[in-house]
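Contents: one structure, followed by commentary.
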Amino acid sequence: MNENAELAKIDLYDLTREEMVGLLAGWGYSAYHAKRLWQGLYREGARSLDEIEGLRPDLLEQLHRETTAAALPVGLATKSGDGFTEKFLLGLPDSEEIETVLMLFKGRATACVSTQAGCAMGCVFCATGQMGFRRHLTAGEIVGQVLHVMRLQEERDKALRNVVFMGMGEPLHNYEATMKALEILTDDHGLAMAPKHMTISTVGIVPGIRRMADEGRPYKLAVSLHGATDEERQALVPPAKRWSLDVLMDACRYYSEKSGRRIFFEWTLIAGENDTAEQAHALGRLLQGMEAHVNLIPLNPTHGYGGRPADAERVKAFQGVLSEYDLPSTVRQRRGIDIAAGCGQLRATTL
Ligand code: SF4
25 MNENAELAKI DLYDLTREEM VGLLAGWGYS AYHAKRLWQG LYREGARSLD
75 EIEGLRPDLL EQLHRETTAA ALPVGLATKS GDGFTEKFLL GLPDSEEIET
125 VLMLFKGRAT ACVSTQAGCA MGCVFCATGQ MGFRRHLTAG EIVGQVLHVM
175 RLQEERDKAL RNVVFMGMGE PLHNYEATMK ALEILTDDHG LAMAPKHMTI
225 STVGIVPGIR RMADEGRPYK LAVSLHGATD EERQALVPPA KRWSLDVLMD
275 ACRYYSEKSG RRIFFEWTLI AGENDTAEQA HALGRLLQGM EAHVNLIPLN
325 PTHGYGGRPA DAERVKAFQG VLSEYDLPST VRQRRGIDIA AGCGQLRATT
375 L
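Quick note: the sequence shown uses the working numbering, first residue 25, plus one each step.
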């Protein structure tokens, strides 16, 4: 089988359950067979088609000929010194590479997945943004990252319940594949991951936020703000030139009202840039009265940006100002910095 023929095969992990039923129906097999296949892949965690029991031999043969259900190959796996963070460089069929991170917290594990190879958004402090956009991932490639981490956890007798879409890429710039991956991950007849444990992180793609609200998507939303005035935001996050803060906040309020969910706002704290009392007050005014939670993340270093993280005193002072506005906030633990697996540090390292 040559490489092009392999690439032309249908990736079974790229199909929703409904699409799998449709594919097999087109081949003349009833929904019963599609159910067996779906459950084999997701409920029983089969690692190859041959492991799935109860598939008719003729169906199995056609599946082998026309589809693939291969795991994403691991190019490199690194573990942080404290053992709480692991990063995986995963290969895609066309030789692109992406990074996926497993973060262990007390009593829970979270997978941080990529939605694109590279990113078109160009946030100045982000290593993925510095490498530019290469391509969108398919839903199957997003699901494949979760399966990789889940299988690893299973081998250790541990579970994986949380997924954050905060790896390489802007999820709402790859809306269709991201939502499809979420449908597959949360399907009750398969992995059945809880929608409330799925977090989509966006730099503020307004049409995507509004679309999520209109479609009643039940996931957690995290919006990266980094600046509470248009001027400050535009200096750090280029998409802010397209959607002003007024427009973005309207979309956030719309999402919050429609979904009944509180929104998480991410703020990378950069010394002397956006860690000032002035920015903290502006943020407090911006979010006052909203169902919101602010996550403060001291900047993680990248080669392409010279900024420094805010020091502990400035972080505390910033948080103090937010509490004056009754705004709950958390300072995110910095993790995996020694293996460049922290927020904004992902960059397929062998590129
Ligand atoms: S922070 Fe997110 S949106 Fe911005 S460049 Fe990095 S990956 Fe893209």
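C-beta: ideal position from N, C-alpha, C; glycine also.
Limits of the unbroken alpha helix (DSSP H) element including residue i
i, result
"S119", "Premise fails: S119 is in no alpha helix (DSSP H) and is neither H nor E."
"R309", "A301 to L311"
"R257", "D254 to L260"
"E68", "Premise fails: E68 is in no alpha helix (DSSP H) and is neither H nor E."
"S54", "Counting along the chain, S54 falls outside any alpha helix (DSSP H), and DSSP gives it neither H nor E."
"I166", "A163 to E179"
"T292", "No alpha helix (DSSP H) contains T292, which is instead part of the beta strand (DSSP E) from I287 to L293."
"G232", "V230 to D238"
"A144", "Run containing A144: none; DSSP gives neither H nor E here."
"H88", "P81 to E90"
"K182", "No alpha helix (DSSP H) holds K182; DSSP gives it neither H nor E."
"T7", "For residue 7 there is no data in the structure shown, the boundaries of the chain being 25 and 375."
"L206", "Y199 to T210"
Under 7 Å between C-beta atoms of residue i and residue j
i, j, result
"V247", "C147", "no"
"G193", "C150", "no"
"I294", "G331", "yes"
"T152", "F189", "no"
"T102", "I361", "no"
"L310", "L351", "no"
"Y243", "G308", "no"
"A141", "K204", "no"
"F342", "D299", "yes"
"Q258", "A264", "yes"
"L65", "L87", "no"
"S353", "V318", "yes"
"H160", "N198", "yes"
"V137", "G191", "yes"
Contacting residues, own chain, Cβ-Cβ under 6 Å from residue i (five flanking each side not counted)
i, result
"P117", "L31"
"D91", "Position check: residue 91 holds Thr in this sequence, whereas Asp was assumed. Around T91: K33, I34 and L36."
"G368", "F149, C150 and N324"
"E179", "none"
"R241", "none"
"S104", "G360, D362 and I363"
Cutoff 8 Å; reference residue i; Cβ partners in own chain excluding five residues on either side
i, result
"L375", "Note on L375: pLDDT 43, under 50, position unreliable in the model; the coordinate value appears next. The residues are E121 and M155."
"M44", "L36, A58, L61 and W62"
"T226", "E194, P195, L196, G232, I233, L245, A246, V247 and S248"
"L209", "V167, V170, V187, L215, M217 and M222"
"R80", "Y53 and H57"
"R71", "A95 and R175"
DSSP bridge partner residues for residue i (one or two, in chain order)
i, result
"T152", "DSSP lists no partner for T152."
"S138", "Beta-bridge pairing links S138 to no other residue."
"F108", "BP columns for F108 are empty, so no partner."
"D270", "For D270, which the question treats as bridged, DSSP gives no partner whatsoever."
"D335", "Answer by DSSP bridge pairing: none, since D335 is not bridged."
"I34", "T91"
"N319", "E290 and T354"
The beta strand (DSSP E) enclosing residue i, as first and last residue numbers
i, result
"S225", "M222 to T226"
"S353", "S353 to V355"
"L245", "K244 to S248"
"R158", "F157 to H160"
"T326", "T326 -> no beta strand (DSSP E), and no H or E assigned at all."
"K103", "V98 to K103"
Neighbourhood of residue i by C-beta distance below 7 Å, restricted to the same chain and skipping five residues each side
i, result
"Y279", "I233, M236, A237, L245 and I287"
"L83", "Y53 and H57"
"G115", "L96, P97, G99 and E121"
"V316", "Here residue 316 turns out to be Ala, not Val, going by the sequence shown. Counting only Cβ-Cβ distances below 7 Å, and skipping sequence neighbours, we find R286, I287, F289 and L351."
"L272", "G228 and V230"
"S268", "D254"
"Q357", "none"
"L184", "A133, A135, V173, M174 and Q177"
"G366", "N324, R358, R359 and G360"
"E42", "none"
"W51", "Q86"
"R158", "E120, A141 and G142"
"G296", "none"
"N28", "none"
Residue i: CB within 6 Å of a non-hydrogen atom of ligand 3
i, result
"M145", "Annotation note on ligand 3: not contained in the displayed structure, which lists ligand 1 as its ligands."
Checklist entry - Taking contact to mean at least 3 C-beta pairs separated by less than 8 Å, is the region 98 to 111 in contact with the region 123 to 130? => result With a cut-off of 8 Å, the region 123 to 130 and the region 98 to 111 count as touching, because enough Cβ pairs lie within range.
Checklist entry - Should the region 35 to 46 be regarded as contacting the region 162 to 172, the criterion being three or more beta carbon pairs within less than 8 Å? => result yes
Checklist entry - If we count Cβ pairs, one from each stretch, closer than 8 Å, do we get three or more for the region 221 to 228 versus the region 314 to 323? => result Short answer: they don't touch.
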